[in-house]
Structure formats: structure tokens, C-alpha cells
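Undergrad: So the mapping is simple: our numbering equals the position in the sequence shown, first residue as 1, plus 3.
Cβ coordinates follow ideal geometry from the N, Cα and C atoms, glycine included.
Input: one structure, supplied below.
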Amino acid sequence: MPSFSFPQALGNFSRQARLRELLLWCLPALVCGALARGALLAHFPYGYVHPDSPDFLVTADRFLNHHHHFVLHGKKAFLGPILFLLPMMVKIPCLLIVPWAQHICGLIYTVMVGAIVRCWTALWKWWIVPATVLAALNPALLYYEHALIAESQYLFCLTALGLAGCAYALARTRRRFILLLLTLLLTAGSRPEGKLFILFCLLLVPLLHWRQWRNLALVGGITLAFSFLTWRSTRNTQAGVLLYATLLPLAPETPKSAPDFGPLIAPLRNERLARGVLAMPDFVIEQKQINHVVYPYLKSKHLSITTAGAFCQKLAVEAALNRPLLLPLIVCDKFLLGTESPSNDGFGKYRMQDIQIRSCTYKPWMLKLMPRLTGLPIHSRDDLIAYIHREFTPVRPDWPGALQQFWLRLTTGARIPFPGQRTDTPGIPLFYLLGAAGMLTGILRAGPMQKLHLAWVITLGFTASVVMLTGVVNARYRFVFEPFALLYLFVLADGIAALIARRPPPLKPMPN
Numbered sequence: 004m005p006s007f008s009f010p011q012a013l014g015n016f017s018r019q020a021r022l023r024e025l026l027l028w029c030l031p032a033l034v035c036g037a038l039a040r041g042a043l044l045a046h047f048p049y050g051y052v053h054p055d056s057p058d059f060l061v062t063a064d065r066f067l068n069h070h071h072h073f074v075l076h077g078k079k080a081f082l083g084p085i086l087f088l089l090p091m092m093v094k095i096p097c098l099l100i101v102p103w104a105q106h107i108c109g110l111i112y113t114v115m116v117g118a119i120v121r122c123w124t125a126l127w128k129w130w131i132v133p134a135t136v137l138a139a140l141n142p143a144l145l146y147y148e149h150a151l152i153a154e155s156q157y158l159f160c161l162t163a164l165g166l167a168g169c170a171y172a173l174a175r176t177r178r179r180f181i182l183l184l185l186t187l188l189l190t191a192g193s194r195p196e197g198k199l200f201i202l203f204c205l206l207l208v209p210l211l212h213w214r215q216w217r218n219l220a221l222v223g224g225i226t227l228a229f230s231f232l233t234w235r236s237t238r239n240t241q242a243g244v245l246l247y248a249t250l251l252p253l254a255p256e257t258p259k260s261a262p263d264f265g266p267l268i269a270p271l272r273n274e275r276l277a278r279g280v281l282a283m284p285d286f287v288i289e290q291k292q293i294n295h296v297v298y299p300y301l302k303s304k305h306l307s308i309t310t311a312g313a314f315c316q317k318l319a320v321e322a323a324l325n326r327p328l329l330l331p332l333i334v335c336d337k338f339l340l341g342t343e344s345p346s347n348d349g350f351g352k353y354r355m356q357d358i359q360i361r362s363c364t365y366k367p368w369m370l371k372l373m374p375r376l377t378g379l380p381i382h383s384r385d386d387l388i389a390y391i392h393r394e395f396t397p398v399r400p401d402w403p404g405a406l407q408q409f410w411l412r413l414t415t416g417a418r419i420p421f422p423g424q425r426t427d428t429p430g431i432p433l434f435y436l437l438g439a440a441g442m443l444t445g446i447l448r449a450g451p452m453q454k455l456h457l458a459w460v461i462t463l464g465f466t467a468s469v470v471m472l473t474g475v476v477n478a479r480y481r482f483v484f485e486p487f488a489l490l491y492l493f494v495l496a497d498g499i500a501a502l503i504a505r506r507p508p509p510l511k512p513m514p515n
């Protein structure tokens, strides 16, 4: 049996020239990222309970306080709830260990960004330092790493999926194929919409194995079967209702899937039409109003109200097919409205104290879970308030707020008008237009990454469109797409610079 020794491990690392080179080029970003994360951990030793945290923690509550009964919230995927449960099972305070773990993953994410820059650009040494420093100091990522929700896990897994795709595009080995499928499963497990990235693998594999019919049959079959299992691994019971709430003005007067439902939903539909097809209502209220119509209808058909999501999803698909040309306008409108705010709530006193107290108490069982979350004797609301006021004091000086304002100016400061939108819709941020130009550059530029860019850009666009159509108007939804817009901005810069310098695209950016 082979033995392990630390000097031998150091020797093996020293022979990995490209890995060592990558880490050296990422070192400025790692230093900046470690300092920022260290400052947060020093000021806030405990993680932040977000308003969405109870949805993740219902798994821990049911398992620990209800005879090991395992349950997942209907709106959440499996990865976050399980990861938050594990430390509490061994009596490690979740709010102490999770921020450390997620911040460390944030530094690993920074290195993955550097590896992607190494793969995607010819003049990578020009871009890797600014790209990784911006990635490491992304204020939204710093915030979500410190919060008890799965946003940072989603970005980490999605970036790992993109990097695994790069590795497989360069060398189609069995190990890299397994890595590709594994990162796909983790991406699907981190957020419900993560399962939409099965489209990436279903596009990438045929593109890379085209005309290799025997390999394509085998690898494509495995990918298809694994994608089906991945799709079935997560669910969202509210997605259909939210999608129908967005597309209700597009719906036909008499839906084919449920003709007798048309007159019941007509008053709500007519009200939306009177305000305008592109008018944005309060989607939370709209969802409740739709449920008030859907639930009695299902009961009259002797169907469970748990089928409401699937029923509304059929109605939403029918609405989309009824007026499909309006879908891009709705997507753009909801996205642009979301760009008026930062993609995270920040570390202000109101969020850290008042909102967190509400987050820890609006579910009756949350207070009972607080001793396991913190490792402290918190048994009453007064104990909770004292804990939050003690541990979540404002940051002085407010460097996270300054970083937030810099990032917001960088990504949404410069805008141009978007034709066809409502007058109260903000213009398109130039940042995203340049990112889109970088996506086109990646697709058109010859090289081993061309097919990967085609599959990745199509999947990003499709997933972003579905998210915008399905969700409420929420700045948080762009959080996971913004880093890739930034990466493609560097792809655009590299394409222009390489054209001027007459440099070919990267041929072997990673070892096989």
C-alpha cells in the first residue's frame, strides 16, 4: 500500500508547473480575498440568518427535533439543506462553521475563475489578475458566503461545471467526463434552477463527439440518462404558479388544457390586461390571488392542491405559446427592473439586526433551533435579541458599503435606452452589453473552446430567461450570471487585443 509523506506531496506539487503558475498569478486576488473575508469573520464571527434561511433549515428541524424525519422544503434543492444539517448532527454550531467553509470555497472559486481565464483567453496574463481580483472582491459573493443560504454554493458549483466543461473540451477522458457529470449534479442540487444546466451537457457532448458516432452513442446515452436522473433530483412546487403569474396577460381567453378554468381566472386576467401586458404587478400578491382561484378549481375536480404547480405550469406554457414574441420583452423588462438595486442586501444595521430578528422568529420552530445553530443558550426572544445586538454591530468604517457602491457603478452605472420598453424601465447596463459581445466573440473565435462557448452561452441565456420569467422582480437573480458577464468582458478584450497583436486563440491552456 503506497504511503503518504508531506515532502513527497510538496515534490509532486512542484512538478505541476501549470498549477503552480496558475496559483502564483491568482496570488494577488487570493490575498485580497483572504483579507476581505478575514475582516468579515473578525467582525461577524457568526453567520447571518437570511429571510430565506428557514426554508433551508426546515430539513434540520425535522431531522433533529422530529425523530430523524428527513424532509426538503418544496422550493429548495437538496445540497444546502444537507450541508447545513451535517454540522448540527455532530453538535458543531452551524452559524460558526458554515461561513468559514463558504469563505474558503470563495477563495477556491477565485482560483477556478483564474483557470477559466487561462482557458478562454490567448493573452491570459494580461487579464487574470484584474479578473480574479474582481471575482474575489465581488461584494454579493462576500455577503452570500456569510449568509445561511445556498447562493454562494450555486455560483461555486456552476463555475466548477464550466471549468469541468473546459477540461473535457480539451481532453475527452473518462475521468473528465465523470467530473463533468458530478459537477452537473452538484449544480442541480444547489438551486432548483440549476437543473436547467443539463442543457449545457446535452449540447456540449454531441458538439464535441460529432461524427464520432460510436462514442457519441455511448457518451451521449450516458449523458442523457444522467441528465434525466439529475432533473428528477430536484423540484420546485411554486415555479409553475410564479410562471403563470408572469404570463397571465398572454394567456388565451379559453385555455385548451382546462376550458372551464377560463371564466374563473378571467377577472384577474382582465385586470392585468387593463394595466398593460408588460406592467409588473406585485408577484407575491398575484401568486396568492391565483392560488385562491386554482385551489377551489382543483378541489372541484377531486384533485390535490399539491398539483397546483403542475396545473399552472401547463397554463403558463399555453400562455407562452399564445403570444411568444412578447416573451423577450418581458424577460428584458424584469431583468432591467432588477438592475436598479444591488444583488445583495449588504451588511447594514437594519438587515443585520432587525431583519435577522424577524428571520429567526417568524417560523415558530426557529427559536428552538437557535442553540444548535449558535452553540449558545438562546431559549427566548430576549436571548435572541441580545445575541444579535451583540454579534451584529455595524461595520466601521463601512468598507463593505463602499465596495458595494463601486461594484454597482461598475456593473450598472453606464446605461443605454432599450427600445420597446416601458418609460419607467431603466436602460440596458453597458456592462451586460459588452458581456454579450464577449459571448459572441467566444462563439465566433476558432479554437478548442469554441464549441464549449456555444453550449455555455445558449444554456446561460436559456436559464436566465427562465429565471426571469418565473421569479419575481428580484435583483438577487442576476447574482450568478453577473460573474460570467464579467468573464466574457475579458474574452471580448482578449479578442480585440489578440486581433491587433495577431495572436491565435489558446490551443493548450490546460494540461491534458
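What are the start and end residues of each continuous alpha helix (DSSP H) run of 4 or more residues lying completely inside the segment 303-329, in chain order?
TA: Runs of the alpha helix (DSSP H) inside the segment 303-329: 311-325.
Undergrad: How many whole angstroms separate the CB atoms of Ala138 and Pro486, which I take to be in contact at a CB cut-off of 8 Å?
TA: 6 Å
Undergrad: Run through DSSP, which three-state label would Ile85 get?
TA: The DSSP-derived three-state label of Ile85 is helix.
Undergrad: Based on the DSSP secondary-structure assignment, which residues constitute the bridge partners of Arg418?
TA: Pro432
Undergrad: Just reading off the alpha helix (DSSP H) that Trp28 is part of, what are its end residues?
TA: Counting along the chain, the alpha helix (DSSP H) containing Trp28 begins and ends at Ala20 to His46.
Undergrad: Give me the Cα-Cα distance between Ile100 and Leu245, rounded to the nearest whole angstrom.
TA: 34 Å
Undergrad: On the three-pair Cβ rule with 8 Å, is the segment 124-140 touching the segment 56-64?
TA: no
Undergrad: Nearest-angstrom Cα distance between Gln203 and Asn325?
TA: The residue you asked about is not Gln; residue 203 is Phe in the sequence shown. Their Cα atoms are separated by approximately 27 Å.
Undergrad: Check the C-beta distance from Leu33 over to Thr113 and give it rounded, since I have them as a contact under 8 Å.
TA: 6 Å
Undergrad: Measure the Cβ-Cβ separation of Arg479 and Asn347 and say whether it is below 8 Å.
TA: yes
Undergrad: Would you mind sorting Ala228 into buried or exposed? The rule is 16 or more other CB atoms within 10 Å of its CB.
TA: exposed
Undergrad: For the alpha helix (DSSP H) containing Ser362, list its first residue and its last residue.
TA: Gln359 to Ser362
Undergrad: I'd like to check one pair, Leu250 with Ala322: are the Cβ atoms closer than 8 Å?
TA: yes
Undergrad: Might you give, ordered along the chain, the residues of its own chain that have their beta carbon closer than 6 Å to the beta carbon of Gly445, omitting 5 neighbours on each side?
TA: His456 and Val494
Undergrad: Rounded to the nearest angstrom, what separates Pro327 and Ile201 at their Cα positions?
TA: Pairing Pro327 with Ile201, the inter-Cα distance amounts to about 24 Å.
Undergrad: Looking at the strands, I want to know which residues DSSP matches up with Ala3.
TA: Outside the shown range of the chain, which is 4 to 515, sits residue 3, and nothing can be said about it.
Undergrad: Quick check for students: name the residue ranges of the alpha helix (DSSP H) that lie wholly in the segment 442-502, counting only runs of 4 or more.
TA: 453-473
Undergrad: Going by DSSP, what residue range makes up the alpha helix (DSSP H) through Gln356?
TA: Following the DSSP letters along the chain, one finds Gln356 in no alpha helix (DSSP H), marked with neither H nor E.
Undergrad: Just to confirm, are Ile360 and Ile388 a CB contact at a threshold of 8 Å?
TA: For Ile360 and Ile388, yes; Cβs fall inside 8 Å.
Undergrad: Measuring straight from C-alpha to C-alpha, what distance separates Ala496 and Thr62?
TA: 45 Å
Undergrad: Leaving out the 5 sequence neighbours to the left and right, which residues in its chain are closer than 7 Å to Phe66 when beta-carbon positions are compared?
TA: His72, Phe73 and Leu88
Undergrad: Between the C-alpha atoms of Pro512 and Leu75, what's the straight-line distance to the nearest angstrom?
TA: With a pLDDT of only 41 at Pro512, under 50, the local geometry of the prediction cannot be trusted, and the value read off the model is given with reservation. Spanning the two alpha carbons is a distance of roughly 41 Å.
Undergrad: Alpha carbon to alpha carbon, how far is Pro422 from Gly498?
TA: 28 Å
Undergrad: Would DSSP call Ile333 helix, strand or coil?
TA: helix
Undergrad: Out of Leu232, Gly165, Met471 and Val52, state which residue places its alpha-carbon closest to the alpha-carbon of Asp336.
TA: Ranking Leu232, Gly165, Met471 and Val52 by Cα distance to Asp336 puts Met471 first.
Undergrad: Among residues of its own chain, excluding the 5 on either side of Tyr300, which ones have a beta-carbon nearer than 7 Å to its beta-carbon?
TA: These residues qualify, in order along the chain: Phe264 and Leu267.
Undergrad: Taking Arg40 as the reference, which of Trp402, Thr466, Met91 and Met115 has the closest Cα?
TA: Trp402
Undergrad: Where in the segment 215-264 do unbroken runs of the beta strand (DSSP E), each at least 3 residues long, occur, reported from the N-terminal end onward?
TA: none
Undergrad: Do Ile333 and Cys315 have their C-beta atoms closer together than 8 Å?
TA: no
Undergrad: For His149, count the other beta carbons within 10 Å of its own beta carbon; 16 or more makes it buried, fewer makes it exposed. Which is it?
TA: buried
Undergrad: Just to confirm my understanding: we take Asn515, look at its own chain, exclude 5 residues before and 5 after, and list those with CB closer than 7 Å. What are they?
TA: At Asn515 the pLDDT is 35, less than 50, meaning the model places this residue with poor confidence and gives no usable figure here.
Undergrad: When you compare only the Cα positions, how much space is there between Gly279 and Leu271?
TA: If I take the Cα positions, the gap works out to 13 Å.
Undergrad: Look at the alpha carbon of Pro252 and the alpha carbon of Ala269, and state the distance between them as a whole number of angstroms.
TA: 10 Å
Undergrad: Enumerate in chain order the residues of its own chain whose CB-to-CB distance from Arg418 is below 8 Å, with the five nearest sequence positions on each side excluded.
TA: The residues are Pro429, Gly430, Ile431, Pro432 and Leu433.
Undergrad: Does Asp401 come out as helix, strand or coil in the three-state DSSP assignment?
TA: coil
Undergrad: Since Met520 and Cys35 should fall inside the 8 Å C-beta cutoff, what is the C-beta to C-beta distance between them, to a whole number of angstroms?
TA: For residue 520 there is no data in the structure shown, the boundaries of the chain being 4 and 515.
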